[in-house]
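**Student:**
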Amino acid sequence: MMTVSRTPLRVSFFGGGTDYPEYFARARGAVLGMAIDQYVYVAALRLTNILDYRYRISYSKMEQVRELDAIEHPVVREAIRHYGYGSPLDISIMADLPARSGLGSSSSFTVGFVNLLFELLGRGATKMDLAREAVHVERGLLGENCGVQDQHHAAFGGLNRFDFEGNRTRISPIQMTAECQAALTSSLFLVYTGMTRFASATLDEQMAKTKSGASDKDLTHLLALVDQAQTVLEGTEPGALLREFGAMLHEGWETKKRLSSKVSSPQIDALYDKARAAGALGGKLCGAGAGGFLLMLVPPDLQAGFRLRMAEHSLIPVGLDTLGATILRG
937 MMTVSRTPLR VSFFGGGTDY PEYFARARGA VLGMAIDQYV YVAALRLTNI
987 LDYRYRISYS KMEQVRELDA IEHPVVREAI RHYGYGSPLD ISIMADLPAR
1037 SGLGSSSSFT VGFVNLLFEL LGRGATKMDL AREAVHVERG LLGENCGVQD
1087 QHHAAFGGLN RFDFEGNRTR ISPIQMTAEC QAALTSSLFL VYTGMTRFAS
1137 ATLDEQMAKT KSGASDKDLT HLLALVDQAQ TVLEGTEPGA LLREFGAMLH
1187 EGWETKKRLS SKVSSPQIDA LYDKARAAGA LGGKLCGAGA GGFLLMLVPP
1237 DLQAGFRLRM AEHSLIPVGL DTLGATILRG
C-alpha cells in the first residue's frame, strides 16, 4: 500500500531573520506568516527484496540504488538513517510550485518526509514534534544554514505567530474575524520572478551581519512589525486592515533589503515597483531573497487592473491551508 504525506508551503509576512538560533539565542525572535494552499507531496511504496535495487527516489532526477549511502538526496538519506527505517522504498516527491522559490519548500519536504517515515514506523508525533524533528534533520544532521520558522509553518498550517526564546517555541494562532480573514486571503498574489536560488547560498552575508550584531537594529524593527501586524490582523474593519497591512509589508521589505546586498536585485526591484504601480499596496520577496516569488497584496477593487497590467507575468492567488502536515488516506 502506498503512503502519501502532504505538507503546505508558506508565506512569511514579518519577522524573518529573527528565527535563526544565532539570533534568538541572545534576543527574542518572532515571526508571523501563514501556510498556503500549495503543497509538497511525498509518496512511498514498500518494495520487496527481490529487486536489484533497494531504494528508488524520483524528484527532479531519478535515483535507483542498492545502498543507503549511495542515495544523493541528503534529507532522504540522512532521515532514513537517523530514524532507522530498514525496509526498501520507492519514494516519489512532487510539488505544486517549483523548488528554490522562497516558499519554504525544502523545510516543507523535510517535515513531510519525517511525517511519512513516522507513519511507516508506526510512531506517533504531534505537530510540534514534526517541526522540531525537521529542524534537527536540517540543522543538526545536515548542517544547513536555515532558520526555524518554515518547519513550524509547514507542520502546523494556519495563520500563526511563532515566538522563539532560547529552547522554547510558542505558537499563537492569529485571532481574525471571518470577514477580515477573507479580505486578506482574497488579496494575496504570488508573482514569479523567473529566478530560482538556493537559500543557503544567499545567506552568508546576512548570517555574518546577524552574528556580529550589525543587523540588530533592522532585526529589532522587523520584530516590532510582528507585534504591530498581529494587532492589525486582529482588528474588525477589512478595508483598514488591507491598507495598514499593505503599508507594513512595504516597510518590512525595505528593511529586509538592508539585511544583505543579496536579498534583492535591480530586476527584482523593477518587478516589485511595477506590481505596486499596477495596484498592489505592498509586498515582499518570499524567503531568503535573490529570486523566487514576490508576495503582493492587492485589494479586490484593484485586482482587475492589476491582472491586466501584470498579464505578462505568472500570477498565483494565495489561499490559506488550515491542516498543516497531513497523511492522506482514502
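Under this note's numbering, the first residue of the sequence shown carries the number 937, and numbering increases by one thereafter. Ideal Cβ placement from N, Cα and C applies to all residues, glycine included.
#1: Tell me which residue opens and which closes the alpha helix (DSSP H) that LYS1220 is part of.
#2: Identify every residue that forms a DSSP beta bridge with TYR995.
#3: Can you look up ASN1081 in the DSSP assignment and give me helix, strand or coil?
#4: Pick out the complete beta strand (DSSP E) segments inside the stretch 1095 to 1155, 3 residues or longer, and give them in chain order.
#5: Hey, how far is the Cα of SER941 from the Cα of ALA1224?
#6: Between LEU1155 and VAL1071, what straight-line distance do the alpha-carbon atoms span, to the nearest angstrom?
#7: For ARG1017, collect the residues of the same chain with a Cβ closer than 7 angstroms to its Cβ; drop the 5 residues on either side in sequence, then sort them by chain order.
#8: Excluding sequence positions up to five away, which residues of its chain have a Cβ less than 6 angstroms from the Cβ of GLU1055?
#9: If distances are taken between C-alpha atoms only, which option among VAL1127, SER1201, ALA1150 comes closest to ALA1216?
#10: Evaluate ARG1194 with the Cβ neighbour count: other Cβ atoms within 10 Å of its Cβ, from every protein chain shown; 16 or more gives buried, anything less gives exposed.
#11: Is LEU1039 helix, strand or coil by DSSP?
#12: Just to confirm my understanding: we take PRO1010, look at its own chain, exclude 5 residues before and 5 after, and list those with CB closer than 6 angstroms. What are they?
#13: So which of PHE950, SER948, ALA961 has the shortest CA-CA distance to LYS1147?
#14: Report yes if the C-beta distance between ASP1026 and LEU981 is below 8 angstroms; otherwise report no.
#15: Got a sec, what are the start and stop residues for the alpha helix (DSSP H) GLY1182 sits in?
#16: From what residue to what residue does the alpha helix (DSSP H) around VAL1011 run?
#17: Which residue comes first and which comes last in the beta strand (DSSP E) that contains ALA1211?
#18: Name, in chain order, the residues that DSSP records as bridge partners for PRO944.
#19: What are the boundary residues of the alpha helix (DSSP H) that PRO957 is part of?
#20: Determine contact between the stretch 1080 to 1095 and the stretch 1103 to 1113, defined as no fewer than three beta-carbon pairs at a distance below 8 angstroms.
#21: Name, in chain order, the residues that DSSP records as bridge partners for SER1028.
#22: Can you name, in chain order, every residue of its own chain whose Cβ lies under 7 angstroms from the Cβ of ILE1204, other than the five neighbours on each side?
#23: Is the Cβ-Cβ distance between VAL978 and GLY1076 less than 8 angstroms?
#24: Distance check for LEU1238 and ALA1015, CA to CA, integer angstroms please.
#25: Give the secondary structure of THR1267 by DSSP, where H, G and I count as helix, E and B as strand, and everything else as coil.
#26: Under DSSP, the beta strand (DSSP E) around MET1232 begins and ends at which residues?
#27: Tell whether a beta-carbon distance below 8 angstroms holds between LEU1161 and GLY1188.
#28: Between the Cα of VAL1073 and those of GLY1171, SER1042, VAL947, GLY1060, spot the shortest distance and give me the residue it belongs to.
#29: Assuming the contact rule is C-beta atoms closer than 8 angstroms, MET1246 and ALA1206 should be a hit. Round their C-beta distance to whole Å, please.
#30: Along the beta strand (DSSP E) that carries LEU1251, what are the first and last residues, could you check?
#31: Any C-beta of chain B sitting closer than 8 angstroms to the C-beta of LEU983?
#32: Hey, ALA971 and GLY951 are a contact pair by Cβ (cut 8 angstroms); roughly how many whole angstroms apart?
#33: Suppose contacts are defined by Cβ-Cβ distances below 8 angstroms. Is VAL947 in contact with PHE1125 by that definition?
#34: Assign ALA1061 to one of three DSSP states: helix, strand, or coil.
#35: What's the C-alpha gap between LEU1185 and GLY1218?
**Tutor:** According to the data block:
#1: Against the sequence shown, residue 1220 aligns to sequence position 284. Segment 1218 to 1221 is the beta strand (DSSP E) holding LYS1220; no alpha helix (DSSP H) there.
#2: Your numbering for residue 995 matches position 59 in the sequence shown. Looking at the DSSP assignment, TYR995 forms no beta bridge with any residue, so it has no partner.
#3: Stepping through the sequence shown from its first residue, residue 1081 is reached at position 145. Coil.
#4: 1095 to 1101, 1104 to 1109, 1124 to 1128
#5: Residue 941 sits at position 5 when you count from the first residue of the sequence shown. Residue 1224 sits at position 288 when you count from the first residue of the sequence shown. One C-alpha to the other measures close to 26 angstroms.
#6: Position 219 of the sequence shown, counting from 1, holds the residue named residue 1155. Position 135 of the sequence shown, counting from 1, holds the residue named residue 1071. Cα to Cα, LEU1155 sits roughly 21 angstroms from VAL1071.
#7: Locating residue 1017 in the sequence shown gives position 81, where the first residue counts as 1. Hits under 7 angstroms: LEU1004.
#8: Your numbering for residue 1055 matches position 119 in the sequence shown. The answer, listed in chain order, is THR939, ILE1263.
#9: Residue 1216 sits at position 280 when you count from the first residue of the sequence shown. With distances taken between Cα atoms, ALA1216 lies closest to VAL1127.
#10: Taking the sequence shown and counting its residues from 1, the one referred to as residue 1194 is at position 258. Exposed, because fewer than 16 other Cβ atoms sit within 10 Å of the Cβ of ARG1194.
#11: Within the sequence shown, the letter at position 103 stands for residue 1039. DSSP places LEU1039 in coil when its eight states are reduced to three.
#12: One-based indexing of the sequence shown puts residue 1010 at position 74. Answer for PRO1010: LEU1078, listed in chain order.
#13: Locating residue 1147 in the sequence shown gives position 211, counting from the first residue. Considering only alpha carbons, the answer is ALA961.
#14: Translated into positions along the sequence shown, residue 1026 becomes position 90. Translated into positions along the sequence shown, residue 981 becomes position 45. Yes; because the gap between Cβ atoms is below 8 angstroms, this pair is in contact.
#15: As a first step, residue 1182 is located in the sequence shown; it is residue number 246 there, counting from the start. First-last of the alpha helix (DSSP H) with GLY1182: 1174 to 1192.
#16: As a first step, residue 1011 is located in the sequence shown; it is residue number 75 there, counting from the start. 1010 to 1019 is the span of the alpha helix (DSSP H), which, as asked, contains VAL1011.
#17: Within the sequence shown, the letter at position 275 stands for residue 1211. Where ALA1211 is concerned, there is no enclosing beta strand (DSSP E), although the alpha helix (DSSP H) it sits in stretches over 1202 to 1213.
#18: Taking the sequence shown and counting its residues from 1, the one referred to as residue 944 is at position 8. DSSP output for PRO944 lists TYR975 as bridge partner(s).
#19: Start at 1 with the first residue of the sequence shown, and residue 957 comes out as number 21. Run containing PRO957: 957 to 960, per the alpha helix (DSSP H) assignment.
#20: yes
#21: What you label residue 1028 is simply residue 92 of the sequence shown in a count that begins at 1. Answer is ALA979, SER994, bridged to SER1028.
#22: For this step, residue 1204 is matched to residue 268 along the sequence shown. So the list reads THR1129, LEU1221, once near-sequence residues are dropped.
#23: In the sequence shown, counting from the first residue as 1, residue 978 sits at position 42. In the sequence shown, counting from the first residue as 1, residue 1076 sits at position 140. No, the Cβ-Cβ distance between VAL978 and GLY1076 is not below 8 angstroms.
#24: Counted from its first residue, the sequence shown places residue 1015 at position 79. Counted from its first residue, the sequence shown places residue 1238 at position 302. Their Cα atoms are separated by approximately 46 angstroms.
#25: Past the boundaries of the shown model lies residue 1267; the chain is included only from 937 to 1266, so the question cannot be answered.
#26: The count along the sequence shown starts at 1 and reaches residue 1232 at position 296. Unbroken beta strand (DSSP E) run through MET1232: 1229 to 1233.
#27: Taking the first residue of the sequence shown as position 1, residue 1161 is located at position 225. Taking the first residue of the sequence shown as position 1, residue 1188 is located at position 252. Taking 8 angstroms as the Cβ cut-off, LEU1161 and GLY1188 qualify as a contacting pair.
#28: Within the sequence shown, the letter at position 137 stands for residue 1073. Ranking the options by Cα distance to VAL1073, first place goes to SER1042.
#29: On the sequence shown, position 310 is the one that residue 1246 refers to. On the sequence shown, position 270 is the one that residue 1206 refers to. The Cβ separation is near 13 angstroms, so there is no contact.
#30: Locating residue 1251 in the sequence shown gives position 315, where the first residue counts as 1. Counting along the chain, the beta strand (DSSP E) containing LEU1251 begins and ends at 1251 to 1253.
#31: Among the chains in the structure shown there is no chain B, since it carries only a single protein chain.
#32: Within the sequence shown, the letter at position 35 stands for residue 971. Within the sequence shown, the letter at position 15 stands for residue 951. The pair is not a contact, with the Cβ atoms about 15 angstroms apart (cut-off 8 angstroms).
#33: Within the sequence shown, numbered from 1, the residue matching residue 947 stands at position 11. Within the sequence shown, numbered from 1, the residue matching residue 1125 stands at position 189. No, the pair does not count as a contact, with Cβ atoms beyond the cut-off.
#34: Translated into the one-based positions of the sequence shown, residue 1061 becomes position 125. ALA1061: coil per DSSP, three-state reduction.
#35: Working through the sequence shown from its first residue, we reach residue 1185 at position 249. Working through the sequence shown from its first residue, we reach residue 1218 at position 282. For LEU1185 and GLY1218, the distance between alpha carbons rounds to 5 angstroms.
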